[in-house]
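Engineer: Starting off with a structure, shown below.
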Amino acid sequence: MIAPRNLVLAGFMGTGKTAVGRELARQLGWGFVDVDDEIVRRTGVEIAGYFDRFGEAAFRQQETAVLANLARGASRMVVAAGGGAAMSTENRGFLHRIGPVICLEAPLNILWNRVAQTDRPLARDRNAFAALLERRKAVYRELPYHVSTRSGSPPAIAQAIAARYAAAPKTVRVPLGDRSYDVLVEPGCLHELGARLAGKLRAGRCLVISQGPIWRRFGEAVEATLREAGWQATVALVPPGEGAKSLSQAMRLYDRMAAARLERGHPVIALGGGVVGDLGGFVAATYLRGVPFVQVPTTLLAQIDSAVG
Numbered sequence: 351m352i353a354p355r356n357l358v359l360a361g362f363m364g365t366g367k368t369a370v371g372r373e374l375a376r377q378l379g380w381g382f383v384d385v386d387d388e389i390v391r392r393t394g395v396e397i398a399g400y401f402d403r404f405g406e407a408a409f410r411q412q413e414t415a416v417l418a419n420l421a422r423g424a425s426r427m428v429v430a431a432g433g434g435a436a437m438s439t440e441n442r443g444f445l446h447r448i449g450p451v452i453c454l455e456a457p458l459n460i461l462w463n464r465v466a467q468t469d470r471p472l473a474r475d476r477n478a479f480a481a482l483l484e485r486r487k488a489v490y491r492e493l494p495y496h497v498s499t500r501s502g503s504p505p506a507i508a509q510a511i512a513a514r515y516a517a518a519p520k521t522v523r524v525p526l527g528d529r530s531y532d533v534l535v536e537p538g539c540l541h542e543l544g545a546r547l548a549g550k551l552r553a554g555r556c557l558v559i560s561q562g563p564i565w566r567r568f569g570e571a572v573e574a575t576l577r578e579a580g581w582q583a584t585v586a587l588v589p590p591g592e593g594a595k596s597l598s599q600a601m602r603l604y605d606r607m608a609a610a611r612l613e614r615g616h617p618v619i620a621l622g623g624g625v626v627g628d629l630g631g632f633v634a635a636t637y638l639r640g641v642p643f644v645q646v647p648t649t650l651l652a653q654i655d656s657a658v659g
């Protein structure tokens, strides 16, 4: 079984990333890194003072450098990212490479009550604080996993996170003789997609089939795990609805596969619901007399029915 290498806590100011993160690391027996504290250690300047002296842009450069370093070698760590760390596409790539990204959430009034008496440079005015949260919400929504910290103590929240995201995934074998395959069941196991494929196939090229809304939510995590394991992914988005299961869409996917020079050992990965899985399965079965096929179902129906078989 492969358990997560690390866990990342993201989210807005006041959601409890540091308090929950420290407790989570203690419960797991892992190390803990607070990205803001690491910046202070590197620069010798407190965060509020750094903002005042050098500005937010310089702070974000320091933040990116810390995340890049963690992405290269962190292991068995809980990482508490700053509230703005996920706003950068580059940073999100690093976060996804470190491990599953869990966004902590709480209502505005609770967040403000938690940070109003602190020296945080971006929490000096309630209206500005609320406006900043509103601007960041769209990015937070696209992070893969979400946990509310509205109520509950840090130990209780950490325990729930550990039980849900830090356990080794459960593998169920579907016994079909030469056609047997494994079904991996566990929240947060998406980050192991690339490594698990590399354990069964020689890493190389692959085709990922998905749909726009699904790709916006999970695409960065999928690209990060595939890239980290040495895969070169070609991404093809198909329209929503049953009409996408057509020969014209299949032909378009064949063309993309041929252009990407996919060969017999290169897999097709279906990231989505039943339509994506059905279309992806047909294309994988009929391209070059059949190539490996991997289902990554994102809807309940696909997870309990069409993707399992």
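Going by our numbering, the sequence shown opens with residue 351, and the numbers climb by one from there.
Cβ coordinates follow ideal geometry from the N, Cα and C atoms, glycine included.
Take the Cβ of Ala436 as the centre, count every other Cβ of all protein chains shown within 10 Å, and call the residue buried at 16 or more, exposed below.
Structural biologist: By 1-based counting over the sequence shown, the position of residue 436 is 86. That one is buried.
Engineer: Are the CB atoms of Arg470 and Met363 nearer to each other than 8 Å?
Structural biologist: If you number the sequence shown from 1, residue 470 lands on position 120. If you number the sequence shown from 1, residue 363 lands on position 13. A contact, by the Cβ cut-off of 8 Å.
Engineer: Please state if the CB of Cys556 and the CB of His496 are separated by a distance shorter than 8 Å.
Structural biologist: Position 146 of the sequence shown, counting from 1, holds the residue named residue 496. Position 206 of the sequence shown, counting from 1, holds the residue named residue 556. No, they are not a contact pair.
Engineer: Going by the beta-carbon positions, is the gap between Ile564 and Gly630 smaller than 8 Å?
Structural biologist: Residue mapping note: residue 564 aligns to position 214 of the sequence shown, counting from 1. Residue mapping note: residue 630 aligns to position 280 of the sequence shown, counting from 1. No. Outside cutoff.
Engineer: Return the residue from the list Asp402, Phe404, Leu357, Ala478 that minimises the CA-CA distance to Trp380.
Structural biologist: The sequence position of residue 380 within the sequence shown is 30, counting from 1. Taking only the C-alpha atoms, the option nearest Trp380 is Leu357.
Engineer: With DSSP as the reference, label Phe382 as helix, strand or coil.
Structural biologist: If you number the sequence shown from 1, residue 382 lands on position 32. Note: Phe382 maps to strand in three-state DSSP.
Engineer: Assign Lys550 to one of two classes, buried (16 or more other C-beta atoms within 10 Å of its C-beta) or exposed (fewer than that).
Structural biologist: If you number the sequence shown from 1, residue 550 lands on position 200. Exposed, by the Cβ-count rule.
Engineer: Using the beta-carbon count (16 or more within 10 Å), is Ala421 buried or exposed?
Structural biologist: To locate residue 421, count along the sequence shown from 1; it is residue 71. Looking at its Cβ environment, which holds 16 or more other Cβ atoms inside 10 Å, Ala421 is buried.
Engineer: Which runs of the beta strand (DSSP E) at least 3 residues long sit entirely within the stretch 528-593? Give them in chain order.
Structural biologist: The qualifying runs are 531-535, 555-560, 582-587.
Engineer: What separation, rounded to the nearest whole angstrom, lies between the Cα atoms of Asp384 and Ala424?
Structural biologist: To locate residue 384, count along the sequence shown from 1; it is residue 34. To locate residue 424, count along the sequence shown from 1; it is residue 74. So the two alpha carbons sit approximately 13 Å from each other.
Engineer: State buried or exposed for Gln412, treating a residue as buried only when at least 16 other CB atoms are found within 10 Å of its CB.
Structural biologist: For the purposes of this step, residue 412 is taken as the residue at position 62 of the sequence shown. Burial call: buried.
Engineer: Can you tell me the Cα-Cα spacing of Leu534 and Asp655, whole angstroms?
Structural biologist: To locate residue 534, count along the sequence shown from 1; it is residue 184. To locate residue 655, count along the sequence shown from 1; it is residue 305. Leu534 and Asp655: Cα-Cα distance of roughly 14 Å.
Engineer: Can you tell me whether Gly569 is buried or exposed? The criterion is at least 16 other CB atoms within 10 Å of its CB, across all chains shown.
Structural biologist: Sequence index remark: in the sequence shown, residue 569 carries index 219 (1-based). Buried is the call here.
Engineer: Counting C-beta neighbours from all protein chains within 10 Å, is the total for Pro457 16 or more, i.e. buried, or is it exposed?
Structural biologist: Sequence index remark: in the sequence shown, residue 457 carries index 107 (1-based). Pro457 should be labelled exposed.
Engineer: Please report the straight-line C-alpha distance between Leu651 and Arg552, rounded to a whole angstrom.
Structural biologist: In the sequence shown, residue 651 corresponds to position 301, counting from 1. In the sequence shown, residue 552 corresponds to position 202, counting from 1. Taking the straight line joining both Cα atoms gives about 31 Å.
Engineer: Identify whether Leu612 lies in helix, strand or coil by the three-state DSSP scheme.
Structural biologist: Position 262 of the sequence shown, counted from the first residue, corresponds to residue 612. Of the three classes helix, strand and coil, the one that applies to Leu612 here is coil, per DSSP.
Engineer: Can you list, in chain order, the residues of its chain whose CB lies under 6 Å from that of Leu576, leaving out five sequence neighbours each side?
Structural biologist: Translated into positions along the sequence shown, residue 576 becomes position 226. Hits under 6 Å: Gly544, Ala583.
Engineer: Give the straight-line distance between the Cα atoms of Pro494 and Arg567, rounded to the nearest whole angstrom.
Structural biologist: In the sequence shown, residue 494 corresponds to position 144, counting from 1. In the sequence shown, residue 567 corresponds to position 217, counting from 1. In a straight line, the C-alpha of Pro494 is about 7 Å away from that of Arg567.
Engineer: Which residue comes first and which comes last in the alpha helix (DSSP H) that contains Tyr490?
Structural biologist: For the purposes of this step, residue 490 is identified with residue 140 of the sequence shown, where counting begins at 1. Unbroken alpha helix (DSSP H) run through Tyr490: 476-492.
Engineer: Starting from Arg523, follow its DSSP beta bridges and name the residues at the other end.
Structural biologist: Counted from its first residue, the sequence shown places residue 523 at position 173. Paired residues: Asp532.
Engineer: Would Asp475 be called buried (16 or more neighbouring beta carbons within 10 Å of its own) or exposed?
Structural biologist: Start at 1 with the first residue of the sequence shown, and residue 475 comes out as number 125. By the 10 Å Cβ count, Asp475 comes out exposed.
Engineer: Check whether the stretch 643-650 touches the stretch 603-621, counting contact only when three or more Cβ pairs, one atom from each stretch, lie closer than 8 Å.
Structural biologist: The stretch 643-650, when compared against the stretch 603-621, does touch it at the 8 Å Cβ threshold.
Engineer: So, at 6 Å on beta carbons, what are the nonlocal neighbours of Glu373 in its own chain, with the 5 sequence-adjacent residues on each side left out?
Structural biologist: On the sequence shown, position 23 is the one that residue 373 refers to. Excluding positions up to five away in sequence, the list reads Pro504, Pro505, Ala508.
Engineer: Comparing alpha-carbon positions, which option in Arg355, Gly593, Tyr400 lies nearest Leu378?
Structural biologist: The residue you call residue 378 lines up with position 28 of the sequence shown. It is Arg355 whose Cα lies nearest to the Cα of Leu378.
Engineer: Determine the direct distance from the alpha carbon of Ala634 to that of His446, and round the result to whole angstroms.
Structural biologist: Taking the sequence shown and counting its residues from 1, the one referred to as residue 446 is at position 96. Taking the sequence shown and counting its residues from 1, the one referred to as residue 634 is at position 284. Those two C-alpha atoms are separated by around 27 Å.
Engineer: Can you tell which of Ala407, Ala431, Glu406 has its C-alpha closest to the C-alpha of Leu417?
Structural biologist: For the purposes of this step, residue 417 is taken as residue 67 along the sequence shown, with counting starting at 1. Closest option to Leu417, Cα to Cα, is Ala431.
Engineer: Answer with buried or exposed for Leu526, where buried requires no fewer than 16 other C-beta atoms within 10 angstroms of its C-beta.
Structural biologist: Along the sequence shown, read from residue 1 onward, the residue named residue 526 stands at position 176. Exposed.
Engineer: Tell me the start and end of each unbroken alpha helix (DSSP H) in the stretch 394-427 that is at least 4 residues and wholly inside, in chain order.
Structural biologist: Listed in chain order, the complete alpha helix (DSSP H) runs (minimum 4 residues) inside the stretch 394-427 are 397-404, 406-423.
Engineer: Can you name, in chain order, every residue of its own chain whose Cβ lies under 7 Å from the Cβ of Cys453, other than the five neighbours on each side?
Structural biologist: As a first step, residue 453 is located in the sequence shown; it is residue number 103 there, counting from the start. Answer for Cys453: Ala360, Gly361, Tyr490, Leu493, Tyr495, His496, listed in chain order.
Engineer: Measuring CA to CA, which of Ala488, Arg486, Ile511 is closest to Ser498?
Structural biologist: Stepping through the sequence shown from its first residue, residue 498 is reached at position 148. Checking every option, the nearest Cα to that of Ser498 belongs to Ile511.
Engineer: Look up Leu454 in the DSSP assignment and say whether it is helix, strand or coil.
Structural biologist: To locate residue 454, count along the sequence shown from 1; it is residue 104. Correct three-state label for Leu454: strand.
Engineer: Does Gly361 come out as helix, strand or coil in the three-state DSSP assignment?
Structural biologist: Position 11 of the sequence shown, counted from the start, is the residue given in the question as residue 361. Reduced to three states, the DSSP call for Gly361 is strand.
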